[in-house]
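Residue numbering for the sequence shown follows my numbering, beginning at 4 and increasing consecutively.
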Amino acid sequence: MRPFVCLAGAVLAGVLGTPPGAATAASGGAAAAAANRGDHKSGLVVRTDKGDVRGVRADGVDSFLGIRYAAAPVGVLRWRPPHPAAPWGGVAEATAYGDRCAAAASSNGPRTEAEDCLFVNVQRPTGLKPSDRRPVYVFIHGGGLVNGSANQADMAAIVRRTGVVGVSFNYRLGVLGFLGHAGLTAEAGESGNYGLMDQQAALGWITRNIAAFGGDPRRVTVGGESAGGWSVCAHLVAPGSRGLLSKAMIQSGSCISRTQQEAETAGTSFAPAVGCGAAATAVDCLRRTEVARLIDTPAGRFGFVRETPTLPADPAEAVASGQFARVPIVIGANRDEGRTFAQGFIDATRQPTWAYEFAHRTGPGLTPIPGYMWGAGHAAELAYLFPSFDNGVPIAPTFDAAERQLATDMKRYWAAFARYGTPNARGLAWWPRYDHPGESMSLRAGGESRPMSDAQFVAEHQCAFWPP
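Written out as structure tokens, the structure reads:
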């Protein structure tokens with residue numbers, strides 16, 4: 004593979020939980036029943052496989068937020084595969100995001116100790132019917148598998164602009180999502196992939212339910228940035244993800260993983276740090292430990308665990324050998340963080356693959372720092388796809404006209420790929436498929452986006468010392 008890199012029961016009911024706002028229609032009497040009939044007529048109440056949900060309509064977008072896709076992973080369900088959500092009666096309110104998954108405070112969001120966090124969000128153009136079958140764009144949030152949330156990716160702008168159905172979801176993070184431990188492995192045959200299992204459960208929910216919202220379950224593009232892109236690579240390899248995505252987009256992601264032994268070794272070191280050092284009782288002790296102590300105790304780095312039932316192969320090796328889902332792929336990175344491996348996907352299977360580099364260097368950074376220019380750094384492109392974080396931290400403060408054009412163009416490229424399996428659309432600069440000797444799309448402001456060959460990339464980035 005040619006390197007393409009330049010570095011720069013009562014108990015059970017309590018465990019399963021109930022959906023947010025799941026008051027029954029009967030509790031509101033005749034007026035509530037009449038209101039529900041009106042909502043059904045307008046399409047703001049949608050029937051899922053577990054019960055009805057009521058969304059909210061604003062500015063041409065219907066949003067259904069905080070829908071439970073799996074049971075709360077608490078108590079005996081902590082560090083177990085996601086359990087199916089319990090059905091509910093009446094209509095569950097889906098008008099606000101659910102809690103973020105437990106994580107320490109970071110630039111990616113405030114501290115949260117919520118374990119009941121497995122929620123999915125669906126946003127669609129107003130009034131879609133099941134028969135409309137619009138393409139679906141799923142975004143998996145980043146955050147190094149330790150922070151972040153789906154709540155950050157308000158997909159209203161891309162939905163409004165392009166007509167796709169947008170979906171995002173939470174998954175368990177950090178020690179709660181990716182702890183490996185020999186005791187947990189003995190229980191279930193593997194440990195350390197709980198967050199990845201959550202993602203698979205969410206993608207399964209989308210396959211079963213998205214048609215009710217007007218989406219097409221046969222046209223589901225799964226994309227993600229950073230740890231989200233890392234996740235997409237894992238899904239291209241994981242057996243349990245087969246058939247759950249028809250196209251893939253990897254933004255600034257990787258395909259790295261760790262072994263089960265490596266994960267267990269890290270977990271064996273972590274358990275005594277929270278007072279659970281006795282091997283015979285470690286798992287029970289860990290499940291009783293308060294969330295605050297778990298997330299406040301250093302646990303090292305996390306990653307997906309290979310050589311397991313969930314992820315049998317090393318994703319990087321699987322890509323190199325062509326053992327991954329045969330779907331069209333867009334893959335890229337930002338100018339000031341480095342280049343990613345597009346060639347591997349092509350060398351292995353000749354799958355249709357498009358590569359990009361986000362090259363706009365003078366836009367706003369995720370965290371404004373006086374006097375410091377972020378350039379086209381890690382996650383800089385997110386401002387052009389998703390206007391702001393729901394926690395009030397803007398990532399697109401005030402674009403100038405050229406940046407607004409770039410934001411529009413990127414949304415159209417992304418949506419065209421979700422719709423047609425190619426990012427090209429009328430009125431946009433032509434984006435060639437990446438093929439030897441390779442051309443990538445250089446995404447730039449002011450209508451200046453253009454293809455760039457590998458030779459041009461080397462010359463512009465002064466990386467000619469890398470071997471061809």
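For every residue, glycine included, the Cβ atom is placed at its ideal position computed from N, Cα and C.
G54 is a Cβ neighbour of P90, given a cutoff of 7 Å.
Its chain contains P84, P85, T313 as the residues whose beta carbon lies nearer than 7 Å to that of M200, once the 5 sequence neighbours on both sides are disregarded; these appear in chain order. Under the three-state reduction of DSSP, F216 is assigned to helix. Buried is the label assigned to S445, since at least 16 other Cβ atoms lie within 10 Å of its Cβ.
A428 and R415 do touch by the CB rule: their CB atoms are close to 5 Å apart, below 8 Å. In the three-state reduction of the DSSP assignment, W434 falls in the coil class. Taking a cut-off of 8 Å on C-beta distances, the segment 247-261 does not touch the segment 103-110, as fewer than three cross pairs fall below it. Residues of the same chain with a CB within less than 8 Å of the CB of P426, apart from the 5 flanking positions on each side, are V333, W357, Y416, W417, A419, F420, W434, M444 in chain order. The alpha-carbon separation between N196 and D403 amounts to approximately 42 Å. Burial of A328 is indicated by the presence of at least 16 other C-beta atoms within 10 angstroms of its C-beta. Sequence-distant partners of V277 (beyond 5 residues in either direction) whose C-beta falls short of 6 Å from its own C-beta, in its chain, are T292, R296, T300.
Between M455 and the set D65, E190, G335, the nearest pair of CA atoms involves G335. Residue environment analysis places Q202 among the buried positions, since at least 16 neighbouring C-beta atoms fall within 10 angstroms of its C-beta. Taking 7 Å as the cut-off, the Cβ atoms of L187 and V286 count as close. With contacts defined by Cβ atoms closer than 7 Å, G169 and Q126 form a contacting pair.
With a beta-carbon spacing of about 6 Å, F181 and L148 fall inside the 8 Å limit used to define contacts. With a cutoff of 7 Å on beta-carbon distance, A73 and A97 are scored as not near each other.
Rounded to whole angstroms, the Cβ separation of I143 and V225 is 7 Å, and the two are in contact under 8 Å.
Annotation for E442: the continuous beta strand (DSSP E) segment containing it runs 442-446. Annotation for A302: V178, F273 place their beta carbon closer than 6 Å to its own, counting only its chain and skipping 5 residues before and after. As DSSP reads the structure, Q155 sits in no beta bridge. Annotated three-state conformation of S260 is coil, per DSSP.
At the C-beta level, G151 and E228 stay beyond 7 Å of one another. Taking a C-beta distance under 7 Å as the contact criterion, L409 and A448 qualify as a contact pair.
Under the DSSP assignment, R57 falls in the beta strand (DSSP E) whose first and last residues are 55-57.
Following the DSSP letters along the chain, one finds L289 inside the alpha helix (DSSP H) bounded by residues 285-291. A contact is defined here as three or more CB-CB pairs under 8 Å, and the segment 315-327 fails this definition with respect to the segment 202-211. The C-beta of V79 has fewer than 16 other C-beta atoms within 10 Å across all chains shown, which makes the residue exposed.
Straight-line spacing of the CA atoms in V294 and L206 works out to 26 Å. Taking R164 as the centre and dropping the five residues before and after it, the same chain places the C-beta of K414 closer than 6 Å to its C-beta, in chain order.
In the three-state scheme derived from DSSP, where H, G and I count as helix and E and B as strand, K250 is classed as strand. Around A230, the same chain offers G145, G146, G147, L148 as residues with beta carbons nearer than 6 Å, after the five sequence neighbours per side are excluded. The distance from the Cβ of S194 to that of A282 is about 14 Å, inconsistent with a contact at the 8 Å cut-off.
Distance from the CA atom of E190 to the CA atom of F122, rounded to whole angstroms, is 26 Å. If you draw a 10 Å sphere on the C-beta of R422, you find 16 or more other C-beta atoms in it, and that means buried.
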